[in-house]
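Residue numbers (the working numbering), protein chains in the order written: chain A, 1 to 289; chain B, 290 to 938; chain C, 939 to 1375; chain D, 1376 to 1512.
From the three backbone atoms N, C-alpha and C, an ideal C-beta is built for every residue, glycine too.
Working notes for the structure below.
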Amino acid sequence: MNYLYFPGCTLYTKAKNFDQTARNCSLLLGFELIELPNWTCCGATFPLATDNLMALLPPARILARAKEQGEILTTLCAICFNVIKRTNHLLQRDGEKREKINEFMEMNYLGDLKVLHYLEILKQEIGFSTIKDKVKKPLNELQAAPYYGCMLLRPFEEMGFDDKERPTLFEEFLESLGAKPVDFPYKIECCGSFQSVGSPEVATECAYRILTSAMKQGAEVVVSTCPLCTFNLDQKQSDILKAHLDFKTIPVLYFTQLLGVAMGLDPRTLGFEQNAVDPIPLLKRKGLV
Amino acid sequence: MRRLGVFICHCGVNIAGTVDVKKVAEEIGKIEDVCHSIDYIYMCSEPGQQLIREAIQEKQLEGVVVACCSPSMHENTFRKAVKTAGMNPYLCEIANIREQCSWVHQKEKEEATRKAMEIIQATLEKVRRNEELEPLAMSINRNVLVIGGGIAGMTASLDLAQGGYEVFLVEKGPALGGHMAQLSKTFPDLSPAFPNLLAKALEIVSHPKIELFCCSELEEVKGYVGNFEIIIHKKATYVDWTRCNGCARCIEVCPVEYPSSFDRELGMRKAVDFLYPNCVPKRVKVTPTQCRYFQDRSCRKCEEVCPEKAIQFDQKDERIHRKVGAIVIATGFDLFPKERLGEYGYGEIPDVIDGLAFERMLSPDGPTRGKILRPSDGRVPKEMVFIQCVASRDPDRYMPYCSRICCMYTAKQAKMYKEQVPDGQPYVFYMDIRSDGKGYEEFLQKTIEENGVLYLRGRVSRVFQEDGKVKVWGVDTLTGKGIEIGADLVVLATAIIPSEGVKELAAKLRATVDKHGFLTEAHIKLYPVESSTKGIYLAGCGQSPKDITDTVSQASATAGKIQALLSTDKLFQDPLIAYVDETVCSGCGICVEICPYEAREMDYRRGISIVHVALCQGCGACIASCPNFACELRNSSSVQTLRMVDTFI
Amino acid sequence: MGSSGNGFIKKAMVIGGGIAGITASIDIGNAGYNVLLVEKLPSIGGRMLQLSETFPTLDCAQCTLTPKTVETGQHPRIQLHTYSEVVRVEGQAGNFIVQIRKKASYVDWEKCTGCGLCQQKCPSKYPSEFDRGMGLGKAIYTLSPQAVPNKPVINTSHCRYFLEKKCRVCEKICPVGAINYQQEDRIIEEKVGAIIVATGFDLMPIERFGEYGYGEIPDVIDGLSFERLNSASGPTNGEIRRPSDGKVPKEVVFIQCTGSRDPERYMPYCSRVCCMYTAKHARLYKHKVHEGQVYIFYMDIRSTGKGYEEFIQQTMEEGILYLRGRVSRIFRDGEKIAVWGVDTLTGKKVEVLADLVVLATAIIPHQEVKALAQILGIPIDLYGFLTEADRKLKPVETNREGIYLAGCVQGPKDIADTVAHANAAASKVQSLFARYS
Amino acid sequence: MKIELSRDKVHNEFAKKVEWISGQNLFACYQCGNCTAGCPVAFAMDLGPHEVIRYTLLGLEEEVLSVNTFWLCASCLQCSSRCPKGIDIARVMDALRMVILRKKERRDYLQISEFPEGFLERVPQIAFISGFRKFLS
């Protein structure tokens, strides 16, 4: 079975390595990610102003096009996932807005596509037990802190990803790779998101709290599902060091990178050189590279 | 020498954790007349009681001391237990070694053990001289007096009458209904208050078991539970109510108009009038302080026009004697007097009114026929301020307690205002919103959300008139900002206080009131409707502020208590009361003066003082005051008491 | 007084042996009518038996209640059916035919003397429900040493005999041979003229509060658990020690309105008793741990009863810090519990690192009430509380003649209001019976 | 420190606009503060979200629009997910941004020209695209 795949801006460019890893892993797991043809930007935020239909047009278009190609659309980026899934939900429930958008876009989409995050594909479609069987290099009890962030979980009624207060799906994923998931309270707290553009010092503080919380629980690495979260948690550590003298750095990996390690992909293809905090020493210590 | 048994309870660890119960049992067992001395984990439990019963029979005990918790807990339990084993219950006494020993000496185990032994020894001294007594049996009267014709008194009366008891319902005013008759709608259902009330009132006046006394007060009461003798003072109405048919012609012709207190001075009434239209009983009353006939004999128009010749200017007050077995006090509440609220301009500014006045305004039969119009100029108020906790929760200046109903009636009033004046804005100043009844929170949130009532958390410091508006200076503690509103009408949710005259009434009935004048219940948790005097029960706001639902529950509860009380043929009372050695009494009368229960009386024929067994509560005041040592308390004689004291010193 | 000429049975059944049921039973019994008191647990006393002290007087709850339970147990007109449930009701006022299931206790209560040997010797221990899982109970147990009736029952899901057919210690030790593993449930049939439903309340389980750790942080407990911690007969003998490590907590956070006044996520209504019991908890804690600090998060303080407002003000003056605002999240932070709240009066977010957190969780009806309402043919509201005939004027009546409500089964209320409500229900039964004399 | 209230002020255009854009009823807020309590960036805010709602309701337009609260909001939806009254507070925050960003004159909160050199090259697209949508007119 192959899945329609929406890469989104960041994974297509600056985080190409995350994307490539996912594609490669998929093949090893027995399916292919089929890139949605002629895809456009999702808009990068779900419009919270109720009178703003304009911002719904890009994700609506993505959905309508995907529906022509298949029944399931998957994404790797948590923000794209959130925007597309929420738009889908709205088109399903709000007849009035659906009609307006369809009319404007000269299309007839009913909100009946299934939107799944790549992690959901792994859990629901492939099964974590299958992954466990196919893992080539179990992660040797690597103490990995799964950072969910916001976009996968909230709003719960629309995303339906996992329990909003104490999700466990990511942990199950890490376990299937042979890692030892570290539970930490900040796994559902915001990384500062786009404030890294608006108020970078606020985002830095958010990242500081999340990373120290994870380290306090014994994490050796923090794993994220979102390229923006990954950026905030990883690239901002140099800023954190300036603000908090006691801070110790910790590698932050995108989940597909870790998946790639476990699936036995060549570490050189995983783009570790783009990580601000070099994970190689840790992975070496664990005998994983 | 009596054969005595001592039973020492561990009360789990409550006693045994501090007092060495084994040692106590052993030591006490060495006393000569103690034939049996044991300890057990819970004496009050069934197996514990069985130990006592068996010992009484096997060792032929003639007196029992149970060393355990306070006698107020389990004295009855153990007296019943010894009785089933054939012993007179008054030969069983409690030595309190928990509250008075183990609990207060938790860190001094040895001393506590010694003290426990002393307490037991003292109690043994008492038991050695206890008499075998029988409870006093008294006949009872099955009628009930209910004071107050509001919803509380009405509910209690109907419940009792339906239970088959004769009820005398005494109402100060000329008609039934109390404050509930003044209300528009009730929260949280917004059902009109009056129709339900009217149905109850009509049931009362037609009920064969209820005798209603309007314009009446309790003048005098004598006696005790089961046997009260009462005198009802029925004031003249100057109308023969057996003739009056409520046709209202007299009202039409009466030339005297004055502000109606029922309408909270917002409307006018006549010198001869109903309490309110559709009141029950639908009878008119002449108000002599207003009536021209009583001023200068200049007018007899009502008399002339009455088709039934019912007007009786020479009617006199009546004194009616009745006997009852129990009394319900359901005297209700008043609102805090406006004269005392200077900072709110209340009483000076016509457009500052209280909650009851606003209720009258909202009532379809009220002075404005249900229209919200401000009193000063009859305009519809567009800026409408409600102020809660006026004189409530204000320990320094007014009343420290919460008046309980204001939050809800204010929300209701704000909602009704907004529904009537959609372009008006209601503001509510509050401290905490208290919506803790069934459906109340939901009602309140809905009111705020759907009706756009603006709740401002904070008190109002001052209200004054300026530029035709009522300026309100308050605060919103949630923004921390002072608030100023130019209001058209201000409604104050003033504190609920006990109705006038309750203190005097309570004194007559030997019921107690707290420092605010609310009647005191026997136990705040377990006996909320009983007063501290037997046979006197409490219903409604006279006991503390409460809403209609809780008032009705409480009123029904009193009726239930009374039915249980009066369901037997005889009442039994503890015989542990005073008695007089007639040979020693000199008839000085000091005891009569000192007795707080009017249980002592001079027998002038014999020249001695006697004891009313039914009234005596065994307090001992007469005994302490008797110069001749002629009084004694049964089973607490001077000898017993002194011996007990000797044990300790 | 039994039945009158026209077959009207003057006997009442009271369902629920808490303070409401006890009060109603004694009232009706004192009026000379016979009462069946049906209680699902092995002994009467209900929730009040779990409490330490009561507001606003701080009287010991057990000391107030025990005389009442003893009186009930010894009352010549009250027949106790504990460890029993009503399974069927037919007929109408004056002539209800009711079926009661007497659950197998595996102890012959006729023979049992309540000596307690079996409980002492029973080897099977498990967290006691009565102590809210903080203390250990035995597989053969009574709810408390002062239980009325003081007869044990065997919990088959913990008894080694029932689990593995081993042990039989209680049978061997019982001096009167009262243990009977073969006992079975029995259905008995009775006729009564009126029924009072007084099944009380439950607390919303803390497992439902995800933002507060789903009940998995051992030192986040509910109000009833705190009562047990504070109770002289509780698992810590009344010392305030936190469940996780037995340490005396120095920073204690109380959170009111947990699950109440929350239409979006939990219950929209106010649970009515939490403000007062939280203030009481704070004070009792402070009396025992002088150097400790209490924080109470609240939305509105509701102290409407007699003497309640004064109690609250006194509580504040004793140095208890009231913070007006909700708590958004609680999580474990090492040995501490991080509490993220707010003080809306300064507008600031407040973070407390607490040693113990007590949640004043919403009062909800027992699960079984739904089935019971169906058996009785009376209506139930959205949340499972039984519905009174008229909110204002008929607060204890139901829409079925002869069936009345008492206590928290109708809606949350405190002990004083519950007692008055129960007195009122008893009054209605007496009136009903008197009408047919 | 003082507000003069009247019905016009309570039903002020500003609050109405915020309600319209956000689709939320500000009167439904009972000021429990749960939003502020759980907000991950509350530490840096001038006013807590609950206060912003209160100020808006009372028509304190200038004061509200001058605080950083809604600019700091990262739309993480923690407040909305835990609001006991079901108010989507994140939408209220966005509405306040919109009130400013939609004015006739451009009111950009961010000046792209002021970004440090190489900033845009370093930051992932997703950050500045969503940032621009939130911060630029």
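Taking C/Gly-1340 as reference, the option from C/Lys-1330, C/Pro-1350 and C/Ser-1365 with the minimal CA-CA separation is C/Ser-1365.
Counting along the chain, no alpha helix (DSSP H) covers B/Met-673; the unbroken beta strand (DSSP E) around it starts and ends at 672-679.
Rounded to the nearest whole angstrom, the C-alpha separation of B/Gly-775 and D/His-1386 is 16 Å. At a cut-off of 8 Å between beta carbons, B/Lys-701 makes no contact with chain C. Residue-level contact check: C/Asp-965 touches chain B, since one or more beta carbons of chain B fall below 8 Å from its beta carbon. Only residues of its own chain outside the window of five on either side were considered, and among them Leu-501, Val-569 and Pro-570 have a CB closer than 7 Å to the CB of B/Val-494, listed in chain order. Residue environment: B/Arg-589 is assigned as exposed (fewer than 16 neighbouring CB atoms within 10 Å of its CB, all protein chains considered). Proximity of A/Val-197 to chain D, defined by a Cβ-Cβ separation below 8 Å, is satisfied. Note that the C-beta distance between B/Val-613 and B/Val-779 is not below 8 Å.
Residue pairing by DSSP places B/Ala-776 opposite B/Val-759 in a beta bridge. Under a 10 Å Cβ-count criterion, B/Val-393 is classified as exposed, with fewer than 16 other Cβ atoms of the shown protein chains found around its own Cβ. A/Glu-125 and A/Val-115 have their C-alpha atoms roughly 13 Å apart.
Pairing A/Asp-162 with A/Thr-225, the inter-Cα distance amounts to about 14 Å.
A/Lys-236 and A/Ala-207 have their alpha carbons spaced roughly 7 Å apart.
In this structure, the straight-line span from the alpha carbon of A/Gln-20 to that of D/Pro-1491 is close to 30 Å.
In the structure shown, B/Phe-625 falls within a coil segment according to DSSP collapsed to helix, strand and coil. B/Pro-817 reaches chain C at Ala-1354, Val-1357 and Ala-1358, counting residues in chain order whose Cβ is nearer than 7 Å. The beta carbon of C/Ser-1066 is closer than 7 Å to those of Gly-1073, Leu-1074 and Gly-1075 in its chain, skipping five residues each way along the sequence.
Collapsing the DSSP output to three states places B/Asn-432 in coil. In summary, C/Gly-1184 is exposed, with fewer than 16 beta-carbon neighbours lying within 10 Å of its beta-carbon over all protein chains present. If only uninterrupted beta strand (DSSP E) runs of at least 3 residues are considered, none is enclosed by the segment 146-179 of chain A.
Between the C-alpha atoms of B/Glu-755 and B/Ile-638 there is a straight-line separation of about 11 Å. A contact between stretches requires three or more CB pairs, one per stretch, nearer than 8 Å, and the segment 442-450 of chain B fails this requirement with the segment 876-884 of chain B. Its chain contains Met-1072, Pro-1156, Asp-1157 and Ile-1159 as the residues whose beta carbon lies nearer than 7 Å to that of C/Pro-1181, once the 5 sequence neighbours on both sides are disregarded; these appear in chain order. Distance from the Cα of D/Val-1498 is smallest, within the candidate group A/Glu-205, A/Glu-68, A/Trp-39 and A/Ser-196, for A/Ser-196. Interface annotation, B/Asn-485: in contact with chain C, CB-CB separation under 8 Å. In this structure B/Ala-796 is exposed. Its beta-carbon is surrounded by fewer than 16 other beta-carbon atoms within 10 angstroms. Here the alpha carbons of B/Arg-663 and C/Gly-1161 stand approximately 48 Å from one another.
One thing to note: B/Ile-327 has its Cβ no nearer than 8 Å to the Cβ of B/Ala-370. Any Cβ of chain B closer than 8 Å to the Cβ of D/Phe-1402 would place that residue at the interface, and such an atom is present. Taking every protein chain shown into account, the CB of B/Asp-721 has 16 or more other CB atoms within 10 angstroms, so this residue is buried.
Within the same chain, Cβ atoms closer than 8 Å to the Cβ of A/Thr-168 are found at Asp-162, the five residues on either side in sequence being excluded. Under DSSP, C/Ile-1159 shares a beta bridge with C/Val-1296. For C/Val-952, not one C-beta of chain B is nearer than 8 Å to its own C-beta.
Boundaries of the beta strand (DSSP E) harbouring B/Asp-892: 889-892, taken from the DSSP string.
By a beta-carbon distance limit of 8 Å, B/Gly-301 does not contact C/Ser-1169. Their separation comes to about 11 Å.
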